[in-house]
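Structure record follows, encoded as structure tokens.
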Amino acid sequence: MGSPWKPLLLLSIFSGLADLARSVAGRPVPYAAVLRMKPDSSSSSALSPRARARQGRGGVASFIQDWPPFSRVGLSALGSQEDYRSEESEEFGPVFVQEPDDVIFALDSDDKKVTLSCEARGSPAPTYSWLINRTHIDVEADIHYSLIGGNLVIHNASEAVDFGRYQCRAENSVGAVLSREALLQFAYLGVFSSRPRGGVSVREGQGVVLMCTPPPHSAEIIYSWVFNEFPSFVAEDSRRFISQETGNLYISKVQPSDVGSYICLVKNTVTSTRVLSPPTPLTLKTDGIMGEYEPKIEVHFPPTVLAAKGVTVRLECFALGNPVPTITWRKINGNIPKKARLRKSQAVLEIPSVQLEDSGSYECKAENSRGGTTFRGHLQVYTMPLWISMINDSQLDSGEQLQWECRATGKPRPTYRWLRNGEPLTPQTRVGVLNGELQIRKVQPADSGMYQCVAENKYGSVYSSAELKILASAPVFSANPVTTIATVGKEVSLECRPRASPKPRITWKKGERRIQASRRISVLRNNTLRISNSSRADEGSYTCRAENQFGSAELMTVLLVKEAMRVELIPRRVEVTVGESVVLSCKASHDPSLDVSFQWLLNNRPLDAEQDGGHLEYIQTASTADLMIRSILLKHAGKYGCRVQTSADTVFAEAELLVRGPPGPPGVVIVEEITDTVATLSWSHGVDNHSPVSTYNVQARSPFSLGWQTVKTDPEHVTGDMESSTAVELNPWVEYEFRVVATNAIGTGDPSSPSRAVRTKEAVPSVAPANVSGGSGRRHELVISWEPVSEEFQNGEGFGYIVAFRANGTRGWKEKMVTSADSTTYKYRDETFPPLTPFEVKVGVYNNKGDGPFSQVVTVFSAEGEPREAPIEVKLSAMSSSEIKVTWKAPNPGPGRPQGYEVSYWKTSEQEEMGKKTRTVGNETTVLLSGLEGNTPYLIAVKGFNSIGQSPASSPVQATTRKNPPSHPPSNVMWIQEGNNVSLSWDPVKAMDNESDVIGYKVLLRQEGRGHSQVMRTPNSAAVLTLPEGGTYIIEVRAVSEGGEGAASSQIRVLTSSGVRAKSAQSSLHSLPSGLAWTPVLLVLMVPSAPW
16 MGSPWKPLLL LSIFSGLADL ARSVAGRPVP YAAVLRMKPD SSSSSALSPR ARARQGRGGV
76 ASFIQDWPPF SRVGLSALGS QEDYRSEESE EFGPVFVQEP DDVIFALDSD DKKVTLSCEA
136 RGSPAPTYSW LINRTHIDVE ADIHYSLIGG NLVIHNASEA VDFGRYQCRA ENSVGAVLSR
196 EALLQFAYLG VFSSRPRGGV SVREGQGVVL MCTPPPHSAE IIYSWVFNEF PSFVAEDSRR
256 FISQETGNLY ISKVQPSDVG SYICLVKNTV TSTRVLSPPT PLTLKTDGIM GEYEPKIEVH
316 FPPTVLAAKG VTVRLECFAL GNPVPTITWR KINGNIPKKA RLRKSQAVLE IPSVQLEDSG
376 SYECKAENSR GGTTFRGHLQ VYTMPLWISM INDSQLDSGE QLQWECRATG KPRPTYRWLR
436 NGEPLTPQTR VGVLNGELQI RKVQPADSGM YQCVAENKYG SVYSSAELKI LASAPVFSAN
496 PVTTIATVGK EVSLECRPRA SPKPRITWKK GERRIQASRR ISVLRNNTLR ISNSSRADEG
556 SYTCRAENQF GSAELMTVLL VKEAMRVELI PRRVEVTVGE SVVLSCKASH DPSLDVSFQW
616 LLNNRPLDAE QDGGHLEYIQ TASTADLMIR SILLKHAGKY GCRVQTSADT VFAEAELLVR
676 GPPGPPGVVI VEEITDTVAT LSWSHGVDNH SPVSTYNVQA RSPFSLGWQT VKTDPEHVTG
736 DMESSTAVEL NPWVEYEFRV VATNAIGTGD PSSPSRAVRT KEAVPSVAPA NVSGGSGRRH
796 ELVISWEPVS EEFQNGEGFG YIVAFRANGT RGWKEKMVTS ADSTTYKYRD ETFPPLTPFE
856 VKVGVYNNKG DGPFSQVVTV FSAEGEPREA PIEVKLSAMS SSEIKVTWKA PNPGPGRPQG
916 YEVSYWKTSE QEEMGKKTRT VGNETTVLLS GLEGNTPYLI AVKGFNSIGQ SPASSPVQAT
976 TRKNPPSHPP SNVMWIQEGN NVSLSWDPVK AMDNESDVIG YKVLLRQEGR GHSQVMRTPN
1036 SAAVLTLPEG GTYIIEVRAV SEGGEGAASS QIRVLTSSGV RAKSAQSSLH SLPSGLAWTP
1096 VLLVLMVPSA PW
């Protein structure tokens, strides 16, 4: 999708070309080297055209304000020609966007192609070529290579042909640059020889080294060893070590358990390929056991270890010996880095992210009871070159001198070389190269191009690129002619700033007469013509002529001189109160031929009515601008400026608006002194907002208050002229913050910032516990309770309670200390006093400062204890096969009154612990036990209980539940419906031997859709029902026995008609099962469902 600004850009280019054609018509076309622009035009426009930092190189540019360079296209619609540079229209040299990286290519990869990436931007677009080991690759002639954009693709890559260092070359008409070098390596792992390996035989206790001898490989490999069969790997410990440098397995002291077959496993970290060596048998000699011997270091790091800064260094050291040696490490003339770690039973010293300061000599020591040995080597950390300063794009006038310098750090110290357009730059007559400095004297257009400084040491190289442009152009003016409007009596400046290289010679004329300098007229160093105290006589056409060896150009400026503008702003000073409104009026007297514009400012900052919440409104006519400020706030106070501007001059007038309002916040409150109940405070006056402060209100906040609260002060009223006060009646040992609020005739302002939190001093407690009471507890206990005193009133550390009590009628008080400030009860036990003994009780307070007050004396009774007598006259009644009713009487009144009763019941065939329990509350002495088994004897006992404990249980009483109700439902149910009357009959139910005898039947009737049932009872196997009119009814029959109700018969559905009574002759006979047994009918009343 196209950018929306491109049509405007094209339009401005065409306009600029037209202006350019007019300005240079009839003149010879000069040589021009056009300045290119960096990709971010918004940032580039701020840079001087003389020198700019090359984007993406991170260097520091030098900016010199001097003569503007030539540009072929004027962009009047988007800005001046001098400031705007279009990347689309100006050439610039290649700049790398992506450079090739090092590649390790796996030879066993399915994809046989290697791709090295390269991309550059430039105008015109760059073309690409590649070098290997600084030799050009002929991509077109060799089908082994192909180019995709700037990327080099190597087909069927092989190590023999393609291993090496590659560079990308990007080139366009401006010049060429080389990328950094990228190393292409190949990863592979060969196979072990299949030839069997000879066995190794040693004595027990002797050390042994099993050689791995890895196959040919490239890229890093990892070694491990398999014992006897895969995947049983050798575990490394203080006795066994696998070197990742040699691949060998070292066993410092062989044991019988080590006998077996060993296989070396090698893994390539790039290809993940694994190969196994032939097995190496290890056996023990039978000619004896090896005696003890001193350690011998078999594997160690090289004498000199080279490591790149930032990598992880691993130093190996392992020894054979009997007993097994221990390994220790130290750094000569220094300490081992704190970040270092010991691995593999201290056989490996690992230093992560190694730095230059980690360089030095390291020593490992192996020792056992027979002696010790050491090895010492040197760690040398190197760094690749890193830029300190780089070269930047530069453009010079022909004949000037170029001075470039680049510097880099590195270890070893880097050397420098210079490239021009990708080729080595050698010293010449005008060209001097010394390390990182390049100097070219009297630059010429032929010196233009792309330059690179290369800093390198044996570990790598870095490239810094910059473009050099040599400018050579005839003078050109961006706009012609120019009209300038001045004001009578003021100074006027007529600019003359052509773009040219080298600098042109400048002359000024008025009309056809050359201007001579005078006290009133002068030409400045930048070639601007300045006229002081201008008048109407200075009006006319002025011509600036610029000329150098490439040509000349003229700029005509028409000067018009107008009368000075006058501005009046009223009122000049006004005072208002918050909430009022005011109008400021700004009137301009000016030349009627000039347009006028107004701008309002507050404290020299432009006003924005839209962002002021509707407080501001502008009212403007041709020569007047009014500012209305509604519902004024304190923030509206200040100096209002009215700036009036014409094309000739600008006039500024100012008025002051004072706003009276509530005071601003006082200064921060300072606690000067503090005691246990008093704090001396001070503060500074805040702004009074043009209304004197009348009073101050002192407020405090503590962890116990609900926000900020006004505190009492001394003096009671704090007047507006005071800057200190004393807060009184504070609580001791409480942390307070203080603040002050000011009030004037307008209102109350914002509070000051809080003071720092301070704690009042400790004092003796002054508040006694409240709601002292007691009671309950176990027998012979006196329980005393109270409400704890809030921390706010504890007045200091070490707070606790003093509990005092005495039996009624006695004189001496017993006092007990309770040290916990959160305690709410105290229990005192004495076997000598009987239950419900009255005591006088009071509770006091204390802390580290002393004892505080006691509460009022109250009477508290000692505990009455648990019930002491069992319930009496326990009686049982079997109600059904699953229910037994239990009744009893409360024991004789006495200490330990029951608060309820617990009934325990269990089968006679079980232990009491297997039974169940149920409880009653209060004076209830009856309970119905349910969920019991039928025809089963139960034992039942009753206990009283209260909050203290339980009474003894009553003697167990036995009762047997009744037999289960009949399991068979009534059968052969028949009915005759005559209108709303239904006559029922059924076969009598006969109970089985283990079931209760039938004593009658229940007929249940309910209307369909409702849950409530009506019940009819009958001792016979027949019944007559009279049903209400209208509706469907459901009827079922159950047998009733002492054991409860039996199973229900099948349901009968009967429909009655509303408002119609059937004749006696109209009847119907119905039967559920087959058979026609019939019995006399007995009519009984219908009653609600209730227990039988």
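Position 573, counted from 1, in the sequence shown is what this note's numbering calls 588; the numbers after and before it change by one each time, with no gaps.
Where is the CB? At the ideal position from N, CA and C, for every residue including glycine.
What residue range is occupied by the uninterrupted beta strand (DSSP E) comprising residue i?
i: residue 641; result: 639 to 644
i: residue 869; result: 865 to 869
i: residue 521; result: 520 to 525
i: residue 932; result: 931 to 936
i: residue 200; result: 197 to 204
i: residue 569; result: 566 to 577
i: residue 227; result: Per DSSP, residue 227 belongs to no beta strand (DSSP E) and is neither H nor E.
i: residue 298; result: 295 to 304
i: residue 960; result: 952 to 960
i: residue 615; result: 612 to 617
i: residue 660; result: 653 to 660
i: residue 1047; result: 1046 to 1056
i: residue 862; result: 853 to 862
i: residue 829; result: 829 to 833
i: residue 634; result: 631 to 635
Can you tell me where the alpha helix (DSSP H) with residue i in it begins and where it stops?
i: residue 176; result: 174 to 177
When the distance is taken between beta carbons, is residue j closer than 8 Å to residue i?
i: residue 1067; j: residue 1001; result: no
i: residue 215; j: residue 295; result: yes
i: residue 507; j: residue 549; result: yes
i: residue 839; j: residue 877; result: no
i: residue 689; j: residue 755; result: no
i: residue 811; j: residue 746; result: no
i: residue 881; j: residue 934; result: no
i: residue 490; j: residue 563; result: yes
i: residue 977; j: residue 1011; result: yes
i: residue 753; j: residue 769; result: yes
i: residue 283; j: residue 308; result: no
i: residue 280; j: residue 217; result: no
i: residue 192; j: residue 261; result: no
Compare the Cα-Cα distances from residue i to each of the options and report the closest residue.
i: residue 585; options: 639, 593 and 560; result: 639
i: residue 123; options: 289, 921, 441 and 528; result: 289
i: residue 612; options: 572, 972 and 661; result: 661
i: residue 134; options: 151, 115 and 575; result: 115
i: residue 944; options: 922, 729 and 599; result: 922
i: residue 165; options: 184, 967 and 158; result: 184
i: residue 482; options: 473, 472, 465 and 474; result: 465
i: residue 987; options: 966, 1037 and 814; result: 1037
Using DSSP bridges, identify the partner residues of residue i.
i: residue 1002; result: 986
i: residue 315; result: 332
i: residue 897; result: According to DSSP, which records beta bridges pairwise, residue 897 is partnered with nothing at all.
i: residue 748; result: For residue 748, which the question treats as bridged, DSSP gives no partner whatsoever.
i: residue 621; result: 616
i: residue 1033; result: 1016
i: residue 922; result: 953
i: residue 337; result: 308
i: residue 800; result: 788 and 840
key: Every unbroken beta strand (DSSP E) within the region 681 to 743, with a cutoff of 3 residues, ordered by chain   = DSSP runs (the beta strand (DSSP E)) wholly in the region 681 to 743: 685 to 689, 694 to 697, 708 to 716 and 739 to 742.
task = Enumerate, from N- to C-terminal direction, the unbroken alpha helix (DSSP H) stretches of 4 or more residues contained entirely within the region 391 to 463.
result = none
message = So within the region 239 to 291, which uninterrupted beta strand (DSSP E) runs reach at least 3 residues, ignoring any that extend past its ends?
response = 255 to 257, 264 to 266, 275 to 283 and 289 to 291
message = Please give the ranges of any beta strand (DSSP E) in the region 114 to 198, keeping only runs that are unbroken, at least 3 residues long and fully inside the region.
response = 118 to 121, 129 to 131, 134 to 138, 142 to 147, 160 to 163, 166 to 169, 179 to 186 and 191 to 193
key: Runs of beta strand (DSSP E) wholly within the region 479 to 566 (minimum 3 residues, chain order)   = 488 to 491, 497 to 502, 507 to 509, 514 to 516, 520 to 525, 536 to 538, 544 to 546 and 555 to 563
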